[in-house]
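Note sheet for the following structure.
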Amino acid sequence: MSIRYREIGPGNTPGPEMLIDGRVCDCCQTSAAMTSDGPVVVYRNRTSDEIRDIYIARLVDGEWTEGRPVSDDGWEIAGCPVNGPVVVADGSIVAVAWFSAPDDVARVKIAFSDDGGATFGVPKVVDDGLPMGRVGLVLTSDGGAIVSWLEGGGGQGAEVRIRHVANDGSSSVSARVTSSSAERASGFPQLVKNLDGSLVISWTDVGAEEARVRVARIETSY
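Residues in the sequence shown are numbered consecutively from 127, following my numbering.
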């Protein structure tokens with residue numbers, strides 16, 4: 127599986143197709159954001175020896191940089207975990223959140239960049255010890271970010287949780303948004319930020335007779 131790029135110009139005129147990475151994880155979703163220097167793409171790479179870490183590529187002077195790791199987690203896994211990353215940006219500030227489980231130790235992490243994704247700081251662990259991933263991410267006005275993820279609760283139970291992480295790595299206590307399910311059918315909760323700073327999060331409720339999409343608004347001080 128590969129990731130490719132094409133720019134659509136005025137009048138819906140397609141530009142040339144460009145290869146970003148020729149070998150990536152088949153099922154993990156890709157994420158993209160626009161920085162002050164241009165677009166960045168974050169994805170789960172796949173090496174020939176099945177290391178599937180999170181990579182970033184940037185469009186610089188009309189050419190895509192070679193993808194490089196956001197973090198050298200060294201997660202070796204033979205199959206696709208179906209658990210892709212999220213990238214968000216504001217000017218030169220970039221944040222990436224992702225799930226990884228090297229040596230069978232599951233983690234949700236976040237890393238910040240202040241140079242448009244060219245380099246990243248040391249990743250910060252976000253989860254509460256039993257993460258399932260399925261991350262969401264928004265930047266906050268203080269230069270930090272709020273991460274959402276699915277935290278396991280034993281058996282098929284799970285919770286959607288959020289946590290604020292400052293750019294220096296300090297973080298708030300996590301907050302439970304709702305109960306959920308560990309089943310694949312519960313999907314990926316989606317997190318966005320309103321212009322007034324409040325958050326909107328949506329998720330799939332599979333506990334009813336028929337699955338329903340639920341939405342909640344969250345007021346924050348960040």
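Don't be surprised by glycine CBs; every beta carbon is placed ideally from N, CA and C. None of these values were measured; they are calculated from a predicted model.
For A337 and A237, the rounded distance between their alpha carbons:
Residue 237 sits at position 111 when you count from the first residue of the sequence shown. Residue 337 sits at position 211 when you count from the first residue of the sequence shown. Their backbone Cα atoms lie some 34 Å apart in a straight line.
Hey, V252 and R289 are a contact pair by Cβ (cut 8 Å); roughly how many whole angstroms apart?
Taking the first residue of the sequence shown as 1, we reach residue 252 at position 126. Taking the first residue of the sequence shown as 1, we reach residue 289 at position 163. About 6 Å separates the two Cβ atoms, so the contact holds.
What's the C-alpha gap between G148 and M127?
Looking up residue 148 in the sequence shown gives position 22. Looking up residue 127 in the sequence shown gives position 1. Approximately 7 Å between the Cα atoms of the pair.
Could you tell me the boundaries of the beta strand (DSSP E) in which Q155 lies?
For the purposes of this step, residue 155 is taken as the residue at position 29 of the sequence shown. No beta strand (DSSP E) contains Q155, which DSSP labels as neither H nor E.
C-alpha gap between S306 and V291, whole angstroms
As a working note, residue 306 is residue 180 in the sequence shown. As a working note, residue 291 is residue 165 in the sequence shown. About 23 Å.
Element boundaries [beta strand (DSSP E), containing Y348]
Sequence index remark: in the sequence shown, residue 348 carries index 222 (1-based). That residue, Y348, is in no beta strand (DSSP E); it is neither H nor E in DSSP.
Contacting residues, own chain, Cβ-Cβ under 8 Å from A227 (five flanking each side not counted)
Sequence index remark: in the sequence shown, residue 227 carries index 101 (1-based). Excluding residues within five positions, the ones whose Cβ falls inside 8 Å are W201, I203, P207, R233.
Tell whether a beta-carbon distance below 8 Å holds between D199 and D179.
Sequence index remark: in the sequence shown, residue 199 carries index 73 (1-based). Sequence index remark: in the sequence shown, residue 179 carries index 53 (1-based). In this structure, D179 lies closer than 8 Å to D199 by Cβ.
Would you list, in sequence order, the uninterrupted beta strand (DSSP E) runs of no fewer than 3 residues that lie entirely inside the segment 200-267?
212-216, 219-226, 233-239, 257-265
Cα-Cα separation between S162 and G193, rounded to whole angstroms:
For the purposes of this step, residue 162 is identified with residue 36 of the sequence shown, where counting begins at 1. For the purposes of this step, residue 193 is identified with residue 67 of the sequence shown, where counting begins at 1. Those two C-alpha atoms are separated by around 19 Å.
Please name the residue in E176, T266, S300, P249 whose C-alpha comes closest to that of V196.
One-based indexing of the sequence shown puts residue 196 at position 70. Here the closest residue by C-alpha is P249.
Can you tell me which of the three DSSP states A311 falls into?
Within the sequence shown, the letter at position 185 stands for residue 311. In this structure, A311 counts as helix in the three-state DSSP scheme.
State the beta-bridge partners of D147 as determined by DSSP.
Within the sequence shown, the letter at position 21 stands for residue 147. For D147, which the question treats as bridged, DSSP gives the partners I129.
Within-8 Å CB hit, V299 to chain B
Absent from the structure is chain B; it holds one protein chain and no more.
According to DSSP, residues forming a beta bridge with L325
Here residue 325 refers to the residue found at position 199 of the sequence shown. Its beta-bridge partners are K319, I344.
Return the CA-CA distance between A244 and G269, expressed in angstroms with no decimal places.
As a first step, residue 244 is located in the sequence shown; it is residue number 118 there, counting from the start. As a first step, residue 269 is located in the sequence shown; it is residue number 143 there, counting from the start. Rounded to whole angstroms, the separation of the alpha carbons of G269 and A244 is 18 Å.
Buried or exposed: T266, going by 16 or more other Cβ atoms within 10 Å of its Cβ?
Stepping through the sequence shown from its first residue, residue 266 is reached at position 140. So T266 ends up on the buried side.
Are V213 and V168 touching if we call contact CB-CB under 8 Å?
As a working mapping, residue 213 is identified with position 87 in the sequence shown. As a working mapping, residue 168 is identified with position 42 in the sequence shown. Yes, the pair counts as a contact, with Cβ atoms nearer than the cut-off.
Beta-bridge partners of A183, as assigned by DSSP
The residue you call residue 183 lines up with position 57 of the sequence shown. Paired residue(s): V167.
Simplified DSSP assignment, three categories, for G269
Position 143 of the sequence shown, counted from the start, is the residue given in the question as residue 269. Coil at G269, not helix or strand.
Own chain residues within Cβ distance below 6 Å of A311, not counting five before or after
Translated into positions along the sequence shown, residue 311 becomes position 185. The answer, listed in chain order, is V332.
With DSSP as the reference, label P142 as helix, strand or coil.
Residue mapping note: residue 142 aligns to position 16 of the sequence shown, counting from 1. P142 falls in the coil class under three-state DSSP.
Helix, strand or coil for G135 per DSSP?
The residue labelled residue 135 in the question sits at position 9 within the sequence shown. The answer is strand: DSSP assigns G135 an E or B state.
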